[in-house]
Amino acid sequence: MQTQGCTGPRHVMAAPVPMPAARLPVLRIAPSKGWVALKLRELWEYRELLYFLVWRDVKVRYKQTALGAAWAIIQPFFTMVVFSLFFGQLAKIPSDGVPYPIFSYAALVPWMFFAHGMSQATSKLVGSADLVKKVYFPRLAIPIAAVLSGIVDFALAFLVLLGMMLYYSVIPTFNALWLPLLLLLAFTTSLGVGLWLSAMNVQYHDVQYTVPFLTQFWLFATPIAYPSSLLPEPWHTLYGLNPMVGVVEGFRWALLGTDTAPGPVIAFSACIALALLISGGFYFRRMEKTFADVV
Amino acid sequence: MGDIALRVEDLSKQYRIGSSREAYKTLRDTFTDVVVSSFRRAGKLLHGRSGRAPELGETFWALKDVSFEIKRGEVVGIIGYNGAGKSTLLKILSRITEPTEGYADIYGRVGSLLEVGTGFHPELTGRENLYLNGAILGMKRVEITRKFDEIVAFAEIERFIDTPVKHYSSGMYMRLAFAVAAHLEPEILLVDEVLAVGDARFQKKCLNKMQDVGQQGRTVLFVSHNMQAITRLCQRAILLDGGTAVQDGPSHQVVSSYLTSGIRTTGYREWPDSPKAPGGEVARLRSVRTCTENGQITDVVDIRCPLFIEMEYDVLRSGYILLPYYDIYNGEGLSIFSTLDVDPEWRQRPRPKGRWISIVEIPGNLLAEGTHVLAPGLSTLNPPVRQFQENEALAFHVVDSLEGNSARGDWAGKVDGVIRPLLKWRTEFSSDLSGSTIRAGKATVYRE
């Protein structure tokens, strides 16, 4: 038996054995420097794991809580009730010609999906420390799964929205066909921010605590309780710098037929969201190599 | 042959002491770090010191210039003390963390098992966790479905498969977790200390399963503190120490030198300072030695000659019936036997205070060749309390020379077994091959 060199570090190098069929290594593990590729193909290969992570999140959330799926509805619904009372009834905030409750609820449904995804994505990576330290898989799967798992809540809350539309006899237009794309925009924004925050959260756990703050601030920076038509024009388009403006305005336009044609605002929002997602992805990948050592 | 599964070349991993000790930093810590370190730097400039004081962000090498190759189908054990770099090596090879220098080439699908039950969620049922854990370990859903029944049967939890695992006993939990892991089928398997689960019977089952894996021609890299498992499962072992590979060879050799590396090789050891000696208020061990028939202290003994093991101890409180004993292990950590004092002189009698000596004679032609490790101990009989036991107190080597009158006879090759008694043999001619009767009542034994 040949005992391959471990007595000295140079031992193996000294004797390169010619192999019968020189196979290429399937995988080379070496230090990486600086910015690295996103490796989306590998992520695709791990799609089953992604599915299971989403499935676990959803399952556990509904098993652990007494009210289970009801939470998905309670949160946006009661927020809508509070908004309707204070902003609709008392402050008499205009609502683009639709009843205020449905005006705010149509915005709250995608907003909740976004906010939930962002906070979950941020905390999930640190919360999955045991996984990150013990198993290899593309780490991007964790924030992606965290955001995706909000889809179920979104669907439930959306059903209530449909019920409210029935109640207020609001007939959706053909523009409703744009909804999947608008949801994708919300997903992109949520994941984009989530990637930045989750990677930073590994280094500084403070980030996690700033998320509720950020969410609250962002909620009022988005036309949820009020219509964006309150703003005069140059500012109105610039408002699209907040990608959630495009999402919320788009939802109202597609479902309730408000005349806030999202045109330039949506284009702005989409660009910003995409920029957030791509930069977030690369930042995340760059920080990724330190996760297992630091988390 | 020559088909390589894994090549590791000058692999090194550096950790910053700060970041490995602290779980995480808060922003405030970073600010303080910046402030403190700039003050230090300023201080250093002022005092003109080059400074031996530990700096913030000091680094150490968890792994340094480790190189080796593993062929397809080899089962290799990685051993070493805690902090020797074993886990770091496996973490790098399973891509959990990146190396700082060097590289590793992997030829084949890798499965790593650094922990059993990774990702298990207490709220989910056994069935759900099985799928989840399988996916985390890199199994495809169809693969899990195909092996489902086999895994459940292996874990022996058929009745509870649809119960949330939070209601499982810890044994059931570990069995399920290991069962999933044991059914991984990668070409290269990296395993870290996961066999220490369940009861002894289940551990044995796991070991057998691992052995099967090895025999199926898969490449396995196996970290363990269980030296018996290492010698049983691996043909080859690599000993890591302080982040470097210090020995690489047949597993029984490497294991043996690992076990004896931290032990004094002299046949004598004493504890001159009474309060620090092993023991307590009743008795303390003062010295141990291994001697030849002539009373000469030795750590090398001829397999044919008797060996005398002596321990000296102080009895500090009188009135107890004492029971001295020795545990003897071989170099691979296997317990060979324990021997207890049966000398009738002080056997049933409470002993007065004083210095005592207990000697046992280990006859020749009993222990096998190789390193043996000695643990002297002393118990009181009533109450049955161990007063001291000094593990790895001494180590000695048994040598079997080729003079023909030991148990190996004229055979110069390897002789198996943990003891090597010289037994009585009788070999006689029974009949020639044309005749066919074998004398009734006499068995003829042949030597291999």
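Residue numbers (the numbering used here), protein chains in the order written: chain S, 1 to 295; chain A, 1001 to 1448.
Virtual Cβ for every residue (Gly too), placed ideally from N, Cα, C.
| Check | Outcome |
| --- | --- |
| Buried/exposed call for residue 1297 of chain A, threshold 16 Cβ in 10 Å | exposed |
| Residue 1011 of chain A and residue 1102 of chain A closer than 8 Å at C-beta | yes |
| Paired residues, beta bridge with residue 1291 of chain A - DSSP | A/1297, A/1308 |
| Cβ neighbours of residue 197 of chain S in the same chain (closer than 6 Å, five flanking residues each side left out) | 122, 207 |
| Residues near residue 1410 of chain A in its chain [Cβ-Cβ closer than 7 Å; skip 5 each side] | 1404 |
| beta-carbon residue 30 of chain S near the ligand GDP non-hydrogen atom, thresh 7 Å | The ligand GDP is not part of this structure, which contains no ligands at all. |
| Cβ-Cβ separation, residue 227 of chain S to residue 95 of chain S (assumed contact under 8 Å), whole Å | 6 Å |
| Closest residue to residue 1068 of chain A among A/1237, A/1274, A/1201, A/1231 (Cα-Cα distance) | A/1237 |
| Spatial neighbours of residue 1372 of chain A in its chain, beta-carbon cut-off 8 Å, leaving aside the 5 residues before and after | 1328, 1329, 1330, 1331, 1336, 1395, 1396, 1397, 1398 |
| Residue 65 of chain S classed as buried or exposed, judged by whether at least 16 other C-beta atoms fall within 10 angstroms | exposed |
| Minimum Cβ-Cβ distance from residue 136 of chain S to chain A less than 8 Å | yes |
| Sequence-distant residues of the same chain with beta carbon closer than 8 Å to residue 59 of chain S, five excluded per side | none |
| Of the residues A/1205, A/1213, A/1355, the one placed nearest residue 1186 of chain A, counting alpha carbons only | A/1213 |
| One or two residues paired with residue 1060 of chain A in a DSSP bridge | A/1015 |
| Other residues of its chain near residue 1244 of chain A: CB distance less than 7 Å, five sequence neighbours each side excluded | 1064, 1065, 1066 |
| Short CB-CB distance (under 8 Å) between residue 1141 of chain A and chain S | yes |
| Every unbroken beta strand (DSSP E) inside the stretch 1068-1099 of chain A [3 residues or more] | 1075-1079 |
| Proximity of residue 1095 of chain A and residue 136 of chain S at Cβ, strictly below 8 Å | yes |
| Three CB pairs or more closer than 8 Å across the stretch 1274-1282 of chain A and the stretch 1116-1125 of chain A | no |
| C-beta atoms of residue 1362 of chain A and residue 1422 of chain A nearer than 8 Å | no |
| DSSP three-state assignment for residue 91 of chain S, whether helix, strand or coil | coil |
| Cutoff 7 Å; reference residue 367 of chain S; Cβ partners in own chain excluding five residues on either side | There is simply no residue 367 of chain S to check, as chain S begins at 1 and stops at 295 in what is shown. |
| Interface partners of residue 1123 of chain A on chain S, CB under 7 Å | 60, 63, 64 |
| Residue 224 of chain S (DSSP reduced to helix, strand or coil) | coil |
| The stretch 1098-1109 of chain A: positions lying closer than 9 Å to chain D by Cβ | In summary, chain D is missing from the structure at hand, where the protein chains are S and A. |
| Interface residues of the stretch 264-294 of chain S facing chain A [CB-CB below 7 Å] | 289, 292, 293, 294 |
| Cross-chain neighbours of residue 1114 of chain A in chain S, by beta carbon under 9 Å | 133, 134, 135 |
| Residues near residue 1167 of chain A by beta carbon distance below 6 Å, same chain, minus five either side | none |
| CB contact check: residue 1118 of chain A to chain S, cutoff 8 Å | yes |
| Any C-beta of chain A under 8 Å from that of residue 52 of chain S | yes |
| From A/1219, A/1231, A/1156, residue whose alpha carbon lies closest to that of residue 1205 of chain A | A/1156 |
| Chain S residues whose Cβ lies nearer than 8 Å to that of residue 1168 of chain A | Under the 8 Å cutoff, chain S gives no residues; its nearest Cβ is about 16 Å from residue 1168 of chain A. |
| Cβ-Cβ separation, residue 1127 of chain A to residue 1151 of chain A (assumed contact under 8 Å), whole Å | With a Cβ gap of about 10 Å, residue 1151 of chain A and residue 1127 of chain A do not count as contacting. |
| Residue 116 of chain S - containing alpha helix (DSSP H), residue span | 100-127 |
| Close-in-space but distant-in-sequence residues of the same chain around residue 160 of chain S (CB under 7 Å, 5 per side omitted) | 73, 77 |
| Collapsed DSSP secondary structure at residue 1377 of chain A in the structure displayed | strand |
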